[in-house]
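Read the structure below first, then the notes.
There are 4 protein chains.
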Amino acid sequence: MAAILIENNYGKQAVRLVTVRRFPDRHELKDVTVGIRFEGDFAAAYTDGDNGGVLPTDTMKNTVYALAAGHPFDDIEDFGLLLTDHFLTHNPRASRVQVDLAEHPWEPIETCRTAFYQPGGERRTAQVTRDREGVKVVSGLENLVVMKTAKSAFEGFPRDRYTMLPETSDRLLATAVRATWRYSRPDVAFGLWHQVRRVLLESFAEHDSRSVQHTLHAMGEAVVRTLDVEEIHLSMPNRHHIPVDLRPFGLENRNEIFVATPEPYGLIEGTVRRG
Amino acid sequence: MAAILIENNYGKQAVRLVTVRRFPDRHELKDVTVGIRFEGDFAAAYTDGDNGGVLPTDTMKNTVYALAAGHPFDDIEDFGLLLTDHFLTHNPRASRVQVDLAEHPWEPIETCRTAFYQPGGERRTAQVTRDREGVKVVSGLENLVVMKTAKSAFEGFPRDRYTMLPETSDRLLATAVRATWRYSRPDVAFGLWHQVRRVLLESFAEHDSRSVQHTLHAMGEAVVRTLDVEEIHLSMPNRHHIPVDLRPFGLENRNEIFVATPEPYGLIEGTVRRG
Amino acid sequence: MAAILIENNYGKQAVRLVTVRRFPDRHELKDVTVGIRFEGDFAAAYTDGDNGGVLPTDTMKNTVYALAAGHPFDDIEDFGLLLTDHFLTHNPRASRVQVDLAEHPWEPIETCRTAFYQPGGERRTAQVTRDREGVKVVSGLENLVVMKTAKSAFEGFPRDRYTMLPETSDRLLATAVRATWRYSRPDVAFGLWHQVRRVLLESFAEHDSRSVQHTLHAMGEAVVRTLDVEEIHLSMPNRHHIPVDLRPFGLENRNEIFVATPEPYGLIEGTVRRG
Amino acid sequence: MAAILIENNYGKQAVRLVTVRRFPDRHELKDVTVGIRFEGDFAAAYTDGDNGGVLPTDTMKNTVYALAAGHPFDDIEDFGLLLTDHFLTHNPRASRVQVDLAEHPWEPIETCRTAFYQPGGERRTAQVTRDREGVKVVSGLENLVVMKTAKSAFEGFPRDRYTMLPETSDRLLATAVRATWRYSRPDVAFGLWHQVRRVLLESFAEHDSRSVQHTLHAMGEAVVRTLDVEEIHLSMPNRHHIPVDLRPFGLENRNEIFVATPEPYGLIEGTVRRG
Chain C
574 MAAILIENNY
584 GKQAVRLVTV
594 RRFPDRHELK
604 DVTVGIRFEG
614 DFAAAYTDGD
624 NGGVLPTDTM
634 KNTVYALAAG
644 HPFDDIEDFG
654 LLLTDHFLTH
664 NPRASRVQVD
674 LAEHPWEPIE
684 TCRTAFYQPG
694 GERRTAQVTR
704 DREGVKVVSG
714 LENLVVMKTA
724 KSAFEGFPRD
734 RYTMLPETSD
744 RLLATAVRAT
754 WRYSRPDVAF
764 GLWHQVRRVL
774 LESFAEHDSR
784 SVQHTLHAMG
794 EAVVRTLDVE
804 EIHLSMPNRH
814 HIPVDLRPFG
824 LENRNEIFVA
834 TPEPYGLIEG
844 TVRRG
Chain V
574 MAAILIENNY
584 GKQAVRLVTV
594 RRFPDRHELK
604 DVTVGIRFEG
614 DFAAAYTDGD
624 NGGVLPTDTM
634 KNTVYALAAG
644 HPFDDIEDFG
654 LLLTDHFLTH
664 NPRASRVQVD
674 LAEHPWEPIE
684 TCRTAFYQPG
694 GERRTAQVTR
704 DREGVKVVSG
714 LENLVVMKTA
724 KSAFEGFPRD
734 RYTMLPETSD
744 RLLATAVRAT
754 WRYSRPDVAF
764 GLWHQVRRVL
774 LESFAEHDSR
784 SVQHTLHAMG
794 EAVVRTLDVE
804 EIHLSMPNRH
814 HIPVDLRPFG
824 LENRNEIFVA
834 TPEPYGLIEG
844 TVRRG
Chain D
574 MAAILIENNY
584 GKQAVRLVTV
594 RRFPDRHELK
604 DVTVGIRFEG
614 DFAAAYTDGD
624 NGGVLPTDTM
634 KNTVYALAAG
644 HPFDDIEDFG
654 LLLTDHFLTH
664 NPRASRVQVD
674 LAEHPWEPIE
684 TCRTAFYQPG
694 GERRTAQVTR
704 DREGVKVVSG
714 LENLVVMKTA
724 KSAFEGFPRD
734 RYTMLPETSD
744 RLLATAVRAT
754 WRYSRPDVAF
764 GLWHQVRRVL
774 LESFAEHDSR
784 SVQHTLHAMG
794 EAVVRTLDVE
804 EIHLSMPNRH
814 HIPVDLRPFG
824 LENRNEIFVA
834 TPEPYGLIEG
844 TVRRG
Chain B
574 MAAILIENNY
584 GKQAVRLVTV
594 RRFPDRHELK
604 DVTVGIRFEG
614 DFAAAYTDGD
624 NGGVLPTDTM
634 KNTVYALAAG
644 HPFDDIEDFG
654 LLLTDHFLTH
664 NPRASRVQVD
674 LAEHPWEPIE
684 TCRTAFYQPG
694 GERRTAQVTR
704 DREGVKVVSG
714 LENLVVMKTA
724 KSAFEGFPRD
734 RYTMLPETSD
744 RLLATAVRAT
754 WRYSRPDVAF
764 GLWHQVRRVL
774 LESFAEHDSR
784 SVQHTLHAMG
794 EAVVRTLDVE
804 EIHLSMPNRH
814 HIPVDLRPFG
824 LENRNEIFVA
834 TPEPYGLIEG
844 TVRRG
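The structure is reproduced here in C-alpha cells:
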C-alpha cells in the first residue's frame, strides 16, 4: 500500500519576546509570545529528507528578535502583519504563513515610570496555627510579579573557571514575590495587608539595585521600618531576561530586545526583622 | 526490626469557598481556598487502624462551609482564627491545628455592583494569516475571568430520566471568556481592542441572563452593534458554583455559600455576525 | 446594525469517569475523561433565552455515568459510539453530537489483581546537604500514583454535627505517594532505591486498609523492616473517588461507577523510624 | 526602627541536564533537574549590595554541566555528593550547600538501544462524531514522549541573514507525539490501537532521520502500510536538546552533555493517507 502526504505545516512556537522602549520620562514594556507556521511546497522534506527548502525554525525565531529591533509596535496585530510579510516575501516555497501572538499585560507601578507589575494569579495568603498554648498568625502574598527596567545592576561578583556571566550595570530585574510576615501588634487590623503590599511595590520600584539580594533587603527593611510588622520573609525567583545578541544580523541591541527564559532561574531568599 | 511512628499529621486541602454578601446597593464577593492540618494523639489510627479519634477530613470541609455561613469576614486571618478555635475546642485529641488560606482577587466591573472580574492570566491575542492573495487579521482575548452574582437564571429546560438539576432563578454565573473577532473596516486602528474588551465586560455585567447561551449572544450582539466589528466568536466555559446544602447542619443557605468546582464544566460557544 | 447568530454549540467537558469491573480473580480498572458537544436547532436559547430545547449539561454528565453502569467497555471508541447514539436518538433538536474521550492508563501492581499504578510523571529524587561538619543524603520518589480497588475501608470514625460521610467497608483508595528516606548504612549502594520503590508498591497493594493512615504506616513499616532504611517520611494525598448515586435513574451502583474528584483532597503524612 | 537580616540563602533552580553515554552496543540516557542552594556569609550582599562573595547563580549552572562532563553517574545521589563537595571546597563563604535532584525516567524502545520513551501522561484518545447521516470515529494518542540519541541529523537547509543554526549530522531528537487516525475497515476491532502505538514507536526508533519532517512521514507511512489505517495525522513538537559548549571551561563535549529547553520549540505536522 503506497502512502501519500496530503497535508503538512511546520514552524516555531513559544518564541518569548520582551521589548523595552526607553523615553526620557518613561519606559514602555511589551511582553509577547509568538508562534509561526509555514505551509507550502515542503513535501520533499517529509518524503525524501530533502531540507533544501526548509528554513530552520531557529531562523524564524531569530527573525522575530531582529525585526522587533527595528520596528517598535503598539499593537500586536501590526507586528504580525510585519512578520507574515517578511516571511512570505523571503520564502518562495511558503504559500501561507500564520503568526499567532499573545500579549501578557504589565502595568506601571504607581508614579514610577521604569517599574511594572503584572496582574495575574496574585494571591493574598494567611496561615493560622493554634495549639493549647496560643495562636500564631502569618500574613502574606504570593506571585506578585514585578519588573524593573532601570536602576538594576549586577557587578563585582567573584569569577572562577566556570564563570561566563558578563558584568552589567543596566539589566532587567523580574521576579514573582512571595512574602510572609508577622505583625508587631497583637491587636493589628489585618487590613494592614494592603499597605504592606503597597510598600513592597514602591520599594521595589524605587530601589537602586546592585543585586536581587540587595533589593530584597531594601524591600524587607522598608516594610519593618514603616509599618507595624515585626518580621518579613521574602522569596524572590530571578526570572532572567537575556539581551539578544543582534550583532550577527548586523544590528545593535541598545538594551531593548530580550528573551524571557523560564528556566533555570535564580532563587533568592531572606528574612528581615526589626532590630 | 521494629518500626516507630515518630511524627504524623492529617487534614483536608484545597477546600474551595466562595461567599456572596448581598447588600441593597452592592454584593461583596470572597473567593478563598482553605487547607486544614491536624496534629495530635492520632498514632493508633496509623498503627492499629483505629479510627475512633479521626475526625473525617470530609467533616473538616463541611465545617468550613458551615462556619462561613454564620461568620462573614473581611480578612482571611479572621476566618483562620475562627476555624482553628473551632477545631481545637471540639477535637480533644488534636494538639495543634494549622489553617492555610489563599484569597483569589476579584474586582467590580465598572459601576455595576453585582458583577466582577478577576485579574489574572488575561491575554490579548492576534492571529495574522497571509498568503499570496492577501492577509487576514483576527484579534482577540483569552482568559477574561468574570462572575455575575445577580441577574442570572436557568429555568424552563427539558427534563429526561437523567435530569437532576433543579431550576434556579438566581444563580452565580462565572466564566473565562475567550473571544476572537474581525474588524469591519480594513483601516481600523487595532487599539480598538480596548473598547471591545470594555463592551464585553459591560454587557456581561448588565445582562439579565436566562442562560450562558443567552448572555453570550448579548455580549456578541453588543460588540457588533456598537463597534467596527464584523464578526465575533465567543467561547465561554461555565465554571459552576454550587450552593452548599447547609440544612443537614441546621443552617439555612440564603444563596450565600458556594463551592467552586473545577470539573466538569459546561462549554458554550457561538459566533455573532453583523446582519 | 442587526446581529445574526451564525454558528453555535454547547455541551459538557471534563466528565471524569472511573469504572471497576469485579471478576473473581481480578479487577479491571478504566479511567476516562469525557467531553460532549451538541450542535443543532438551539438558536432560540441564544437569541431569546428560550431554554425549551436545551438539555442541561448536567444531564449530559449524568448520562455518562448511567450508561457506563449498564455497558462495560474495553475500547473507548465503543463507549463513544454508545453515547452519540443515545444523545442523537433522544434529542431531536441536536443535528450533530461529538464525544471526545481520553483514557488514562493504569497498570496492575505485580501479581496483585486489585491494585494498580499509573505510569506518568513519577520522579526519583535526592537531596544532598553538606556543611563543614559532614553530609546528609535523603533519597526519595514523587508522584507514584496508585489505586486499590479492594481491601480498603473507612469506618468507626467519630461523628459531630457537621459529619455527613457514610461509613464504608469497600471503597477505592487512590493516592500519589511522595516518599523521602535515609539509608541505615553509610556505605549503601544508592541503587537500593529500586527495592524501596518495589516494597512501597507491594505493601500498598497487599494491605488490608482501614484508612490512609493505616496503609501509610504499613508501607513505612515494610520498608524499614526489610531494607537498609533508617527512617522514611510518607506524604499521601487522598484522591477521592466517589460512587455515583444511580438510584434516581432507576439503576443500582454495585460499587462500580465512580467520579474522580481533583479537589478537595485529604492529605495524610507520617514518618516511620526503626525502633 | 532598625532592620536586621536574620536568615538568607540563594542559588539556582531548575537546571536541566541531559546526558548520553555512548557504548558500542547501546546508549544510556539520563535526564535530571538540579537545584542548588547556598547558605553562609553573604549578608553584605543584602545589606550593602556588596557582590564580592556572591558566586553568580549562572556559574552554579555552568558547574553542573562541566562536572557532569567528567563524571558520569548511575545514581543521582552520587552526583549530588560531587556537586556539594565541589561548591563547599571552592566557596569559602558558603557554610552549607544543598543540592536537590529529580530524575525523569526514560525506557528503551524495544530492542533498539539508541531510542527511548518516557512513561508519563500518555493518553489514548477517541473522537466519535455522529449526525443524522452517519458516524465518524477518530482514534488517537497524545503525549507519547520519545527521544532518539542516534540516527538523527539536520543538514542542507537554506540560510538567510538571520540563520545561525549549525548543521549537525548527529543530534538528539525528542518529541511528544500526538496522533489521530481513521481505520480503513468499518468493522475494525478498536484494540488495533495497541499495534498502531507499537508501529509508531518502532518506526521512530529505527528511522535514519534527516529532519523531524522526515521521521514524521516515515512513521505515518509505516502505519498506513502495515495496518488497517486509512489516514493518520501526526503532530510532533521538536523538544530541542542543545549541546553545552564546554570549551570555555577547557573541556570537550563529545556530544554527551545537553540542556533540555522547554521553549521555544519547533512544531511539525503532517497527514499521511493510503495512496
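Protein chains in written order, with our numbering: chain C, 574 to 848; chain V, 574 to 848; chain D, 574 to 848; chain B, 574 to 848.
A virtual CB, placed ideally from N, CA and C, is assigned to each residue, including glycine.
Keep in mind it's a predicted model, so treat the numbers as computed, not measured.
Check                                                                                                                          : Outcome
Exposure label - C:MET809; buried when at least 16 CB within 10 Å                                                              : buried
Chain V contact for D:LYS634 (CB, 8 Å cutoff)                                                                                  : yes
Residues near V:GLU803 by beta carbon distance below 8 Å, same chain, minus five either side                                   : TRP754, ARG755, TYR756, SER757, VAL797, ARG846 and ARG847
V:GLN586: contacting residues in chain D (beta-carbon distance under 9 Å)                                                      : PRO810, GLU836, PRO837, TYR838, GLY839 and LEU840
Cβ-heavy atom distance, C:ARG734 to the ligand ZN, below 7 Å                                                                   : Absence of the ligand ZN from the depicted structure is noted, as is the absence of any ligand whatsoever, leaving it without description.
Interface flag, D:ALA576 vs chain V, CB-CB below 8 Å                                                                           : yes
According to DSSP, residues forming a beta bridge with V:ARG610                                                                : V:GLY584 and V:GLN671
Closest residue to D:ARG703 among B:THR748, B:VAL637, B:HIS780 and B:THR662 (Cα-Cα distance)                                   : B:THR662
Residue from C:ASN828, C:LEU640 and C:PHE615 whose Cα sits closest to the Cα of C:THR722                                       : C:ASN828
Per-residue DSSP class, three states only, for V:MET809                                                                        : strand
Start and end residues, beta strand (DSSP E) containing D:LEU840                                                               : 838-847
Cβ distance (whole Å) where C:GLY693 is taken to contact C:ALA752 below 8 Å                                                    : Not really, about 17 Å apart at Cβ, beyond 8 Å.
Three-state secondary structure (DSSP) of C:TRP679                                                                             : coil
Proximal chain E residues relative to B:ALA762, where beta-carbon distance stays under 9 Å                                     : No chain E appears in the structure shown, which is made up of the protein chains C, V, D and B.
Three-state secondary structure (DSSP) of D:ASN624                                                                             : coil
Coil, strand or helix - C:VAL605 by DSSP                                                                                       : strand
Three-way DSSP call (helix, strand, coil) for V:LEU765 in this model                                                           : helix
Rounded straight-line distance, which links the Cα of C:GLU683 to that of C:GLU775                                             : 7 Å
Alpha-carbon spacing of C:LEU745 relative to C:PHE831, whole angstroms                                                         : 9 Å
Best match in B:GLY823, B:GLN586 and B:GLY843 for proximity to B:ILE609 [C-alpha to C-alpha]                                   : B:GLN586
Residue of V:GLY584, V:ALA576, V:TYR583 and V:THR592 minimising C-alpha distance to V:ILE908                                   : This structure gives no information on residue 908 of chain V, because the portion of chain V shown stretches from 574 to 848.
Within 8 Å, strictly: CB atoms of D:GLN786 and D:GLY843                                                                        : yes
Candidates B:ALA616, B:GLY622 and B:ALA617, of which the one nearest C:SER784 by Cα                                            : B:GLY622
Exposure label - C:PRO837; buried when at least 16 CB within 10 Å                                                              : buried
Contact under 8 Å by Cβ, V:TYR690 with V:THR630                                                                                : no
When D:ILE649, D:LEU789 and D:GLY643 are compared against B:THR698, the one with the closest alpha-carbon                      : D:ILE649
Under 8 Å between C-beta atoms of D:ALA639 and V:TYR735                                                                        : yes
Cut-off 6 Å between Cβ atoms - residues of its own chain near D:ASP760, not counting five sequence neighbours on either side   : none
Chain-order list of residues whose beta-carbon lies under 8 Å from that of B:GLU695 (same chain, five-residue window excluded) : LEU714, GLU715, ASN716, LEU717 and VAL718
Residues, ordered as in the chain, of the segment 661-677 of chain C that lie near chain V by beta-carbon distance below 7 Å   : LEU661, SER668, ARG669, VAL670, GLN671, VAL672, ASP673, LEU674, ALA675, GLU676 and HIS677
Other residues of its chain near D:ASP801: CB distance less than 6 Å, five sequence neighbours each side excluded              : TYR756, SER757, ARG758 and VAL761
D:HIS644 classed as buried or exposed, judged by whether at least 16 other C-beta atoms fall within 10 angstroms               : exposed
Helix, strand or coil at B:HIS663 according to DSSP, with G and I counted as helix                                             : helix
Helix, strand or coil at D:THR788 [DSSP, three-state]                                                                          : helix
Segments of 3+ residues assigned as beta strand (DSSP E) that fall wholly inside the segment 681-729 of chain C                : 688-691, 696-704 and 708-721
DSSP-derived helix/strand/coil call for C:SER861                                                                               : The shown model of chain C, from 574 to 848, leaves out residue 861 of chain C, and the question about it has no answer.
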